[in-house]
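Chemist: If you number the sequence shown the way my numbering does, the last residue is 125 and the count never jumps.
Where is the CB? At the ideal position from N, CA and C, for every residue including glycine.
I have a structure I would like to understand better, so I am pasting it below and will then ask my questions one at a time.
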Amino acid sequence: MVAVLNGVLAQLIMGSRVLYGMAGQNNAPKLFHQVHKKYRTPILATLAIAIGIVVLAIFVPIVELANTTSYVVISVFTMVNLSQTKLAINDYGRKKCWGNRKFLLPLLAALLCIVFLVYKILAEL
């Protein structure tokens, strides 16, 4: 039960921040880019994601929801790490980045995430 609650909390925080960031880049409705005056958190984005989580929890079986959540989290980690490698290439160039840990560590992390995803997919077949 603790693991399920931890997963819900991770999805809530991650999802609301992603929605907030997308709204800031005009990739989602601008209303999700508002923050609470006192707590400085993206309140509308958090509420939207919370409503989505509640709807999914009511209508989707828990095992399927947990599997989907793990796919989403690992996929997001992959994209974040690949984005970091792109930033390192931009900062250091294509040749110099290969000797820099700001490129190599996220690249290794992205590759490991891809291995986990492939393993998870193959294990379910």
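1) Identify whether R40 lies in helix, strand or coil by the three-state DSSP scheme.
2) Of the choices E64, L112, L107, whose alpha-carbon is the least far from that of E124?
3) Please list the terminal residues of the continuous alpha helix (DSSP H) segment that includes E126.
4) Span of the alpha helix (DSSP H) holding N6?
5) Could you say which of V55, C113, K38, Q34 lies nearest to A45 if we only look at CA atoms?
Modeler: Reading it off the structure:
1) coil
2) E64
3) No statement about residue 126 is possible, as the shown extent of the chain runs from 1 to 125 and does not include it.
4) In the DSSP annotation of this structure, the continuous segment of the alpha helix (DSSP H) that includes N6 starts and ends at 2–24.
5) When only C-alpha atoms are compared, the closest one is Q34.
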